[in-house]
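Chains as they are written, first to last, in the working numbering: chain H, 1 to 282; chain R, 1001 to 1178.
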């Protein structure tokens, strides 16, 4: 079986962005959106994230598995937890909209709004994070991280890791086929969880040990070429365009503005008056 | 013989960082997509989690950290799951702490298991706690929903497979004189 990265070579504004600009945008967005609890502001971030995601023009069939997981996580785990626990926050007065039958749990206006905000926050982060694998060419990760300040050795290791992926995936499936030919049934691992994990050793051990033994040849080859003696040059050069600079400037402005707003006391929890009006008094 | 620092990064470390990360990424992808072992709603059961622990124990803290950190990124890129920095760092920390067993010098399996367990608890603990910051969840919620399933499955996977891998590596290392 061939292993392929999820990268889709398309010509969209997001694909054209420098990988460094995308990482900087993701980090600034993450550190900005997590400073707010106000649903109005979180919906602004949600709009920015969805706009960014839409610009990447990713086909749904490629992303549906990830979206299914993210929506489930955001709505079921984060949403329901926020609805009743509200991040551990205590409000002076709570407006009960209704009481759930059987458990008699109160569904409050505060819980509902808090939960909507947290779902918007999680889905915003997910939308930005999900675009990365589909819009960054795997050949550019090493040089991108080098240009972001990672030392040469680590950036080279990252580049090398991406190049090893197809070889090691092929080795894994060869090992799997070889073990199956000996009667190993990975699809039918019997026993409890511990027994099942132990039975995976015939797959994991040979692949790992073979890779380590083969790695000695790579070490020798690199040493013979005087690896690490001088500063490295890279096959792919990255240069910022006007758009990259604009995205980085926007990202930094967003982070600075968010931090300033947070320090000045803006962006805390906000309860829309319309929801308060729904108080049942239960 | 010259004694190298635990934190030194030379050609050997660079190559094993790359191999460890690529292996962890590929095997994570295989166990995320093809050979799925049922876990909880938001935490996957991944036997390959032994790899950062093993590479850390044998090749040092940077190799362990890199294997977990970059390997988790590669696994998520292959699976199309995006980029989740705090879980990547958590995976890296597992490998980093596993290195403090100094297995390549002391060859003590119990110590390797102990440091691997410490690494899993610290790595998954940090990643889980960052969910409080990201998703606004309570400490109780992240412990129940994130930390316990992630740490428990990683501990079981890691602690069962780590001595098997270490023993296999020692056999090869002994034969080749490394």
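For glycine and all other residues, C-beta sits at the position ideal for the given N, C-alpha and C. For clarity, every value in this text was computed on a predicted model and none was experimentally measured.
Query	Result
Ranges of the alpha helix (DSSP H) found wholly within the stretch 1099 to 1144 of chain R, counting only runs of at least 4	1103 to 1106, 1109 to 1135 and 1139 to 1142
Contacting residues, own chain, Cβ-Cβ under 7 Å from residue 1009 of chain R (five flanking each side not counted)	1062
Rounded C-alpha distance that separates residue 224 of chain H from residue 264 of chain H	59 Å
Min CB distance residue 249 of chain H to chain R below 8 Å	no
Contact set between the stretch 60 to 73 of chain H and chain R, restricted to residues whose Cβ is under 9 Å from the partner	62, 63, 65, 66, 69, 70, 72 and 73
Collapsed DSSP secondary structure at residue 202 of chain H in the structure displayed	helix
Residue environment, residue 6 of chain H, which counts as buried when at least 16 other CB atoms sit within 10 Å	buried
Under 8 Å from the C-beta of residue 1047 of chain R: neighbouring residues of chain H	197, 200 and 204
Alpha-carbon spacing of residue 1117 of chain R relative to residue 195 of chain H, whole angstroms	20 Å
Limits of the alpha helix (DSSP H) - the one that residue 131 of chain H falls within	109 to 135
Pairwise C-alpha distance: residue 241 of chain H and residue 115 of chain H	39 Å
Beta carbon of residue 159 of chain H nearer than 8 Å to that of residue 17 of chain H	no
Residues within the stretch 1124 to 1146 of chain R neighbouring chain H, beta-carbon criterion of under 7 Å	1133, 1134, 1135, 1136, 1137, 1138, 1141 and 1145
Residue 236 of chain H, buried or exposed, once every other Cβ within 10 Å from all chains shown has been counted against 16	exposed
Proximity test, Cβ basis, 8 Å: residue 1001 of chain R and chain H	Low local confidence applies: a pLDDT of 46 at residue 1001 of chain R is under 50, so the model's placement there is unreliable, with the coordinate-based value given in what follows. Not closer than 8 Å to any Cβ of chain H, the Cβ of residue 1001 of chain R fails to qualify, so no.
Any chain H beta carbon closer than 8 Å to residue 1083 of chain R	yes
First through last residue of the alpha helix (DSSP H) which encompasses residue 40 of chain H	39 to 56
Chain-ordered neighbours of residue 82 of chain H on chain R, where CB pairs are closer than 7 Å	1136
Residue from R:1017, R:1046, R:1035 and R:1030 whose Cα sits closest to the Cα of residue 1158 of chain R	R:1046
Local conformation of residue 106 of chain H per DSSP, three classes	strand
Bounding residues of the beta strand (DSSP E) (the contiguous stretch that carries residue 97 of chain H)	96 to 99
Counterpart residues of residue 212 of chain H in DSSP-defined beta bridges	Residue 212 of chain H pairs with nothing; no bridge assigned.
Proximity of residue 70 of chain H and residue 123 of chain H at Cβ, strictly below 8 Å	yes
Beta-carbon proximity check, residue 1020 of chain R vs residue 1051 of chain R, cutoff 8 Å	yes
8 Å Cβ cutoff met for residue 148 of chain H and residue 1022 of chain R	no
Neighbour list for residue 25 of chain H in chain R, Cβ cutoff strictly below 8 Å	What residue 25 of chain H touches in chain R: nothing, since even the nearest Cβ is about 12 Å away.
Endpoints, the alpha helix (DSSP H) within which residue 1078 of chain R is located	1061 to 1079
Beta carbon proximity, residue 1023 of chain R to chain H, threshold 8 Å	yes
CB of residue 210 of chain H within 8 Å of CB of residue 1141 of chain R, strictly	no
Of the residues H:153, H:272 and H:38, the one placed nearest residue 1018 of chain R, counting alpha carbons only	H:153
Inter-residue spacing [alpha-carbon to alpha-carbon] between residue 135 of chain H and residue 1171 of chain R	43 Å
Chain R contacts from the stretch 218 to 234 of chain H (Cβ-Cβ distance under 8 Å)	218, 219, 222, 223, 227 and 228
Identity of the residue in R:1015, R:1011 and R:1078 nearest residue 1034 of chain R by Cα	R:1078
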